[in-house]
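There are 2 protein chains.
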Amino acid sequence: MSQKIDAYVQSNEARFLDELKEFLRIPSISTLPEHNTDTQRAAEFAATKLAAAGLENVEIIQTERHPLVYADWLHAAGKPTVLCYGHFDVQPPDPLDLWETPPFEPTERNGNLYARGSADDKGQMYSHIKAFEALRDVHGTLPVNIKVLLEGEEEVGGLSVAAYVAQNPQKLHADVALVSDTEMYEPGMPTLNVGLRGLLYMEIEAQGPARDLHSGLYGGAAPNAVFGLVELLSKAKDADGHLQIPGIYDTVEPPSADEKASWAQLPFNEAEYLASEVGSTSLTGEPGYSVFERTWARPTFEVHGIAGGFTGSGAKTVIPAKAVAKVSIRLVPRQDPAAIEAAVRKFVVDNTPKGIRFEVRVLSSGPGPMVNTDHPAIRVAAKAFSDVFGKPTVFTRSGGSIPIVGDFASHLGIPTILMGFGLPDDGLHSPNEKYNIRNYFDGIRTLAHFFEEYGAAS
Amino acid sequence: MSQKIDAYVQSNEARFLDELKEFLRIPSISTLPEHNTDTQRAAEFAATKLAAAGLENVEIIQTERHPLVYADWLHAAGKPTVLCYGHFDVQPPDPLDLWETPPFEPTERNGNLYARGSADDKGQMYSHIKAFEALRDVHGTLPVNIKVLLEGEEEVGGLSVAAYVAQNPQKLHADVALVSDTEMYEPGMPTLNVGLRGLLYMEIEAQGPARDLHSGLYGGAAPNAVFGLVELLSKAKDADGHLQIPGIYDTVEPPSADEKASWAQLPFNEAEYLASEVGSTSLTGEPGYSVFERTWARPTFEVHGIAGGFTGSGAKTVIPAKAVAKVSIRLVPRQDPAAIEAAVRKFVVDNTPKGIRFEVRVLSSGPGPMVNTDHPAIRVAAKAFSDVFGKPTVFTRSGGSIPIVGDFASHLGIPTILMGFGLPDDGLHSPNEKYNIRNYFDGIRTLAHFFEEYGAAS
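Here it is as structure tokens:
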């Protein structure tokens with residue numbers, strides 16, 4: 175581990191933090207069209223900083239929706255090539271009233287930096303750029319070849335980057351991909367994620383009567399779109415969280431005995447998890463499965479949002495004509511998104527109440543990849559992570575979805591190192607999202623160290 | 175039937191319509207606080223027109239929410255007193271984009287006047303005022319004593335008028351109440367409603383996790399507030415519309431054999447009702463009960479609106495912390511609102527999913543009264559209605575709620591004549607609400623004729 179890198183990072187901490195704050199002030203909310211220019215600005219910010227760190231061939235690539243950013247540095251002859259990916263778009267900040275400080279005014283508090291996107295993913299992806307800068311400044315060169323691909327649609331399905339990867343396998347050719355968009359198992363514990371869940375995200379719209387009807391005059395004879403939707407959704411899983419959609423578990427494989435054994439060793443306090451992370455009266459989910467299995471290795475059905483009828487203040491006695499829900503199924507490795515979509519569509523047809531018509535619209539769809547732990551780069555990554563944090567690296571899975579990992583596997587034929595510096599309580603997608611400031615700096619050190627070691631080992 | 179009244183109404187039709195349009199232009203939406211001054215303006219409009227029609231002691235009575243209007247004319251010595259009730263508030267007009275012409279710009283089309291509140295209830299209640307005017311102008315006096323009580327909270331539960339009736343039985347003492355806020359069974363068919371459904375309107379709020387959570391990281395272990403609410407609501411009634419809340423049918427009585435026989439005689443085309451009124455793929459409701467029984471004599475459970483989680487455009491993968499639904503139960507005669515509320519609260523407790531907390535808030539509550547058809551005023555009303563429209567008057571029920579009828583019964587001890595001139599396709603509470611212009615004028619004639627006959631018979 176290079177002490178020069180450590181010294182460089184330490185002496186530049188204040189500037190690194192200021193630059194990240196500037197990045198976080200850009201409200202690059204990819205799902206809201208009124209923020210499209212902000213997402214473009216975030217791309218320009220990243221491109222400028224890549225060039226400043228010495229990367230070459232910096233491009234902002236326009237797409238049908240949000241731009242991509244590409245850059246490379248390919249002068250490490252004979253050394254491997256790492257494709258570094260990250261995303262500069264963020265989730266919407268609502269509900270706004272639950273934020274203690276404004277989501278786009280980064281605020282330091284208790285050793286953390288609070289802002290939308292601080293952990294997911296601006297803070298983590300910006301660590302890559304600062305690692306390049308540190309290596310260039312200290313060594314005058316980079317120890318491996320680097321390609322960088324950043325996107326602005328990760329939170330809305332990532333269609334543009336998926337298409338770009340599929341269409342540019344030569345340009346993006348690399349030995350391994352590196353993504354920092356995951357979390358450490360607990361503070362101070364180096365963690366590499368080797369399994370992810372995929373995602374099938376849908377809108378289901380219900381139409382009942384042709385127009386809203388007076389519930390006094392028609393109640394008892396007219397179908398209610400909200401209730402029709404409620405009836406359908408309630409049948410998708412039982413009270414124990416076991417999915418009731420026929421065929422949904424057909425290809426689900428249990429984790430290996432080795433994985434189960436290692437998960438059993440991970441420190442986990444269910445009462446604390448409930449109290450400090452979930453904050454409800456009890457956990458839910460399938461009996462007979464551990465929390466790790468339920469969140470890492472089992473498919474789930476969630477309703478993300480629902481709207482229909484009168485929801486203003488006071489009372490309005492309508493039978494609503496329309497209702498819509500946003501739902502998703504998290505897919506585990508070996509579940510085929512197309513087969514699961516077909517199963518959902520059949521389930522909807524088979525469970526359509528009298529008088530209701532449903533429309534199902536797929537907003538995004540991608541499988542849940544498993545990562546090969548035997549790749550030399552992953553072994554080097556585990557060692558570099560251990561070296562900086564002073565503890566053995568653990569291998570876990572994540573219940574979340576990083577669709578790009580599947581794209582890199584299928585179109586480039588490479589594994590992805592998921593080396594993330596987030597923490598379990600970072601509040602991704604929630605109010606008061608934060609990123610630990612120490613982890614931001616240590617992440618930069620770990621990444622630089624990984625590049626050094628991976629170059630040296632080759 | 176006085177030909178002089180008919181002539182007076184006929185020669186004033188244009189002005190009567192213009193005045194009603196002026197009334198309808200006031201957006202007196204009682205549930206929206208930003209329209210409070212409009213609701214006050216509607217009260218002032220009605221008060222001014224009552225005074226112009228010769229009513230005395232006109233008062234605008236301020237309450238905690240929206241004002242009441244009182245007026246009287248008590249110079250028909252030895253004659254009975256009729257308490258005329260109506261409401262000048264209206265439902266919100268949303269969804270606005272479904273209106274063909276603006277909701278608060280009354281527009282004549284196909285013999286109808288389109289505007290929010292045209293039928294419910296401004297058009298009907300204004301008929302009373304024009305009937306007083308016609309009688310005063312033609313006869314120089316009124317044939318009975320009149321008390322008028324108007325409210326601006328009917329669409330939000332009517333708490334102020336209920337309190338006022340309870341507190342002022344002497345002031346409001348009368349022989350019979352008269353309300354025009356119902357519909358004729360079909361165009362041209364004089365109809366008196368003798369039974370109503372009551373209403374228990376509630377908000378049910380679900381809290382799951384303490385904050386919105388990332389569905390990838392926590393899906394499978396954390397409770398989902400929207401799904402918890404969906405689970406609860408889905409258990410409230412089965413696929414046939416039969417309520418599943420224990421005890422809910424305990425005091426429900428079937429309609430009498432006479433009622434069922436008379437309902438069987440009413441012209442009713444279920445296919446046309448489905449196509450032109452409901453507009454869905456099929457009707458719903460309890461097997462073995464006619465549409466009349468289902469909508470007039472059976473309790474119902476409806477979800478009027480639901481909201482929770484992310485409902486903007488695109489995809490957000492949260493497990494929502496909160497969700498809320500507006501629901502109601504329509505109560506039939508002899509169901510006690512307090513007992514039903516207790517049954518609902520127990521049902522909610524007994525069906526609370528793991529990890530979810532529910533809060534039930536009652537927004538309004540009132541029983542479903544039956545009206546005594548043997549009262550002499552009701553017989554006179556039936557005859558007056560028949561005389562003007564040239565057909566026998568039918569006795570029906572309505573599935574809607576008019577809480578004031580129960581208040582008049584319990585606090586004043588008087589029955590209420592429900593003499594309404596709306597039509598089944600008026601679109602109450604829906605976009606494109608309308609009132610038939612011919613019915614507006616014939617309603618004025620019928621009301622004046624009723625007052626004449628009731629005075630003459632006493």
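Residue numbers (my numbering), protein chains in the order written: chain A, 175 to 632; chain B, 175 to 632.
All C-beta atoms in this analysis are idealised placements derived from N, C-alpha and C, irrespective of residue type, glycine included.
inquiry  = Quick test of your reading: Gly629 of chain A and Pro317 of chain A, contact by CB under 8 Å. State the CB separation rounded to the nearest angstrom.
reply    = Taking the first residue of the first sequence as position 1, residue 629 of chain A is located at position 455. Taking the first residue of the first sequence as position 1, residue 317 of chain A is located at position 143. The beta carbons of Gly629 of chain A and Pro317 of chain A sit about 3 Å from each other, so the pair counts as a contact at 8 Å.
Residues in the segment 474–494 of chain B having any Cβ partner in chain A nearer than 7 Å = Result list: Thr474, Glu476, Val477, His478, Gly479, Ile480, Ala481, Gly482, Gly483, Phe484, Thr485, Gly486, Ser487, Gly488, Ala489, Lys490, Thr491, Val492, Ile493 and Pro494.
task = State the start and end residues of the unbroken beta strand (DSSP E) segment that holds Asp271 of chain B.
result = As a working mapping, residue 271 of chain B is identified with position 97 in the second sequence. From DSSP, Asp271 of chain B is part of no beta strand (DSSP E); its letter is neither H nor E.
query = Which residues, taken in chain order from the segment 384–414 of chain A, show a beta carbon closer than 7 Å to some beta carbon of chain B?
reply = For the segment 384–414 of chain A, which is checked against every Cβ of chain B, the residues closer than 7 Å are Ala384, Arg385, Asp386, Leu387, His388, Ser389, Gly390, Leu391, Tyr392, Gly393, Gly394, Ala395, Ala396, Pro397, Asn398, Val400, Phe401, Val404, Glu405, Leu407, Ser408 and Ala413.
request  = To the nearest angstrom, report how far apart Pro266 of chain B and Thr485 of chain A are at their CA atoms.
outcome  = In the second sequence, counting from the first residue as 1, residue 266 of chain B sits at position 92. In the first sequence, counting from the first residue as 1, residue 485 of chain A sits at position 311. Spanning the two alpha carbons is a distance of roughly 11 Å.
ask   = Who are the neighbours of Ala217 of chain A on chain B, taking C-beta pairs under 7 Å?
value = As a position in the first sequence, residue 217 of chain A is number 43, starting the count at 1. At a beta-carbon threshold of 7 Å, none of the residues of chain B lie near Ala217 of chain A; the nearest stands roughly 18 Å away.
inquiry  = For chain B, check one thing: does any of its Cβ atoms lie closer than 9 Å to the Cβ of Gln265 of chain A?
reply    = Within the first sequence, residue 265 of chain A is the residue found at index 91, counting from 1. Yes, Gln265 of chain A counts as interfacial toward chain B.
inquiry  = Is there a C-beta anywhere in chain A that falls below 9 Å from the one on Asp524 of chain B?
reply    = As a first step, residue 524 of chain B is located in the second sequence; it is residue number 350 there, counting from the start. Not one chain A Cβ lies under 9 Å of Asp524 of chain B.
ask   = Which chain A residues are close to Gly228 of chain B, counting only those with a beta carbon under 8 Å from its beta carbon?
value = Locating residue 228 of chain B in the second sequence gives position 54, counting from the first residue. Going along chain A, no residue has its Cβ under 8 Å from Gly228 of chain B, so there is no contact; the nearest lies around 34 Å.
ask   = If you count every other CB in all the chains shown that lies within 10 Å of the CB of Val335 of chain B, and 16 or more means buried, which is it?
value = To locate residue 335 of chain B, count along the second sequence from 1; it is residue 161. Val335 of chain B comes out buried.
request  = Classify Leu270 of chain A as buried or exposed, calling it buried when 16 or more other Cβ atoms lie within 10 Å of its own Cβ.
outcome  = Within the first sequence, the letter at position 96 stands for residue 270 of chain A. A residue is called buried when at least 16 other Cβ atoms come within 10 angstroms of its Cβ; Leu270 of chain A does not meet this threshold and is exposed.
key: Span separating the alpha-carbon of Ala396 of chain B from that of Ser292 of chain A   = Stepping through the second sequence from its first residue, residue 396 of chain B is reached at position 222. Stepping through the first sequence from its first residue, residue 292 of chain A is reached at position 118. Spanning the two alpha carbons is a distance of roughly 23 Å.
inquiry  = Contact defined as beta carbons within less than 8 Å: I believe Ala517 of chain A pairs with Ile419 of chain A. What is the distance between those atoms, to the nearest angstrom?
reply    = In the first sequence, the residue the question calls residue 517 of chain A occupies position 343. In the first sequence, the residue the question calls residue 419 of chain A occupies position 245. Cβ-Cβ separation between Ala517 of chain A and Ile419 of chain A: approximately 6 Å, consistent with a contact (criterion under 8 Å).
ask   = Under a three-way DSSP split, which group does Ile578 of chain A fall into?
value = As a position in the first sequence, residue 578 of chain A is number 404, starting the count at 1. Helix at Ile578 of chain A.
task = Keeping to the same chain, check which residues put their C-beta closer than 7 Å to that of Phe219 of chain A; ignore five residues upstream and five downstream.
result = To locate residue 219 of chain A, count along the first sequence from 1; it is residue 45. Result list for Phe219 of chain A: Phe197 and Ile200, in chain order.
query = Of all Cβ atoms in chain B, is any one closer than 9 Å to the Cβ of Arg371 of chain A?
reply = For this step, residue 371 of chain A is matched to residue 197 along the first sequence. Output row for Arg371 of chain A: interface = yes.
message = Considering only the alpha carbon of each residue, which of B:His623, B:Asp599, B:His261 and B:Leu403 lies closest to Gln533 of chain B?
response = Your numbering for residue 533 of chain B matches position 359 in the second sequence. This sequence places Glu at residue 533 of chain B; Gln is not what is there. Each of B:His623, B:Asp599, B:His261 and B:Leu403 was checked against the Cα of Glu533 of chain B, and the nearest Cα belongs to B:Leu403.
C-beta atoms of Tyr392 of chain A and Gly393 of chain B nearer than 9 Å = Numbered from its first residue, the first sequence carries residue 392 of chain A at position 218. Numbered from its first residue, the second sequence carries residue 393 of chain B at position 219. No, they are not a contact pair.
Three-state secondary structure assigned by DSSP to Asp246 of chain A = One-based indexing of the first sequence puts residue 246 of chain A at position 72. Here Asp246 of chain A sits in strand by DSSP.
task = At 8 Å on the CB atoms, spell out the chain B contacts of Thr205 of chain A, in chain order.
result = As a first step, residue 205 of chain A is located in the first sequence; it is residue number 31 there, counting from the start. Thr205 of chain A reaches chain B at Gly486, Ser487, Gly488, Ala489 and Lys490, counting residues in chain order whose Cβ is nearer than 8 Å.
message = If you reduce the DSSP assignment to three classes, tell me which class Thr469 of chain B lands in.
response = Your numbering for residue 469 of chain B matches position 295 in the second sequence. Annotated three-state conformation of Thr469 of chain B is helix, per DSSP.
query = Any contact of the segment 497–517 of chain B with the segment 372–390 of chain B, i.e. 3+ C-beta pairs under 8 Å?
reply = Touching, yes.
request  = Run down chain B in chain order and give the residues with a C-beta less than 8 Å from the C-beta of Ala497 of chain A.
outcome  = Along the first sequence, read from residue 1 onward, the residue named residue 497 of chain A stands at position 323. In chain order: Ile480.
request  = Spatial neighbours of Pro473 of chain B within its chain, please: CB distance less than 7 Å, with the 5 preceding and 5 following residues excluded, ordered by chain position.
outcome  = For the purposes of this step, residue 473 of chain B is identified with residue 299 of the second sequence, where counting begins at 1. A distance below 7 Å between beta-carbons, with the five flanking residues on each side excluded, links Pro473 of chain B to the following residues of its chain, in chain order: Leu417, Ile422, Val426, Ile503, Arg504, Leu505, Val506 and Gln509.
ask   = What residue range is occupied by the uninterrupted beta strand (DSSP E) comprising Ala351 of chain B?
value = Here residue 351 of chain B is taken as the residue at index 177 of the second sequence, counted from 1. Secondary structure note for Ala351 of chain B: its beta strand (DSSP E) is the uninterrupted segment Val350 to Val353.
task = Assign Asp177 of chain A to buried or exposed, taking buried as 16 or more other Cβ atoms, counted over all protein chains shown, within 10 Å of its Cβ.
result = For the purposes of this step, residue 177 of chain A is taken as residue 3 along the first sequence, with counting starting at 1. Note on identity: in this sequence residue 177 of chain A is Gln, with Asp being the wrong assignment. Result: exposed.
inquiry  = Judging by CA-CA distance, which residue of B:Leu457, B:Ala449, B:Ala445 and B:Ile493 is the nearest neighbour of Ser454 of chain A?
reply    = Within the first sequence, the letter at position 280 stands for residue 454 of chain A. Checking every option, the nearest Cα to that of Ser454 of chain A belongs to B:Ile493.
request  = Specify whether the segment 345–355 of chain B and the segment 589–601 of chain B touch according to this definition: at least 3 beta carbon pairs, one from each stretch, less than 8 Å apart.
outcome  = Contact check between the segment 345–355 of chain B and the segment 589–601 of chain B: three or more CB pairs, one atom from each, fall below 8 Å, which counts as touching.
request  = Select from A:Pro441, A:Ala226, A:Thr211 and A:Pro541 the residue whose C-alpha is nearest the C-alpha of Leu370 of chain A.
outcome  = As a first step, residue 370 of chain A must be located in the first sequence, where it is residue number 196. Of the candidates A:Pro441, A:Ala226, A:Thr211 and A:Pro541, the residue whose Cα lies closest to the Cα of Leu370 of chain A is A:Pro541.
task = Report buried or exposed for Val523 of chain A, applying the criterion of at least 16 other Cβ atoms within 10 angstroms of its Cβ.
result = Residue mapping note: residue 523 of chain A aligns to position 349 of the first sequence, counting from 1. Counting Cβ neighbours within 10 Å, Val523 of chain A comes out exposed, since fewer than 16 surround it.
task = For Glu196 of chain B, verify whether its CB is less than 8 Å away from any heavy atom of the ligand FAD.
result = Judged by which ligands are present, the structure shown has none, so any question about the ligand FAD falls away.
key: Residue span of the alpha helix (DSSP H) that contains Thr425 of chain B, given as start and end   = Working through the second sequence from its first residue, we reach residue 425 of chain B at position 251. No alpha helix (DSSP H) holds Thr425 of chain B; DSSP gives it neither H nor E.
task = Report the three-state DSSP secondary structure of Glu460 of chain A (helix, strand or coil).
result = As a first step, residue 460 of chain A is located in the first sequence; it is residue number 286 there, counting from the start. Coil, per DSSP.
task = Taking C-beta pairs closer than 9 Å, name the residues in chain A that Thr469 of chain B reaches, listed in chain order.
result = Along the second sequence, read from residue 1 onward, the residue named residue 469 of chain B stands at position 295. Neighbours of Thr469 of chain B on chain A, chain order: Gly390, Leu391, Tyr392, Gly393, Gly394, Ala395 and Ala396.
key: Selection from A:Leu248, A:Gly332, A:Glu476 and A:Ala495 that minimises the alpha carbon distance to Asn319 of chain A   = Within the first sequence, numbered from 1, the residue matching residue 319 of chain A stands at position 145. Taking only the C-alpha atoms, the option nearest Asn319 of chain A is A:Leu248.
task = Would you mind reading off the limits of the beta strand (DSSP E) that contains Ala499 of chain B?
result = As a first step, residue 499 of chain B must be located in the second sequence, where it is residue number 325. From DSSP, the beta strand (DSSP E) with Ala499 of chain B extends over Lys496 to Leu505.
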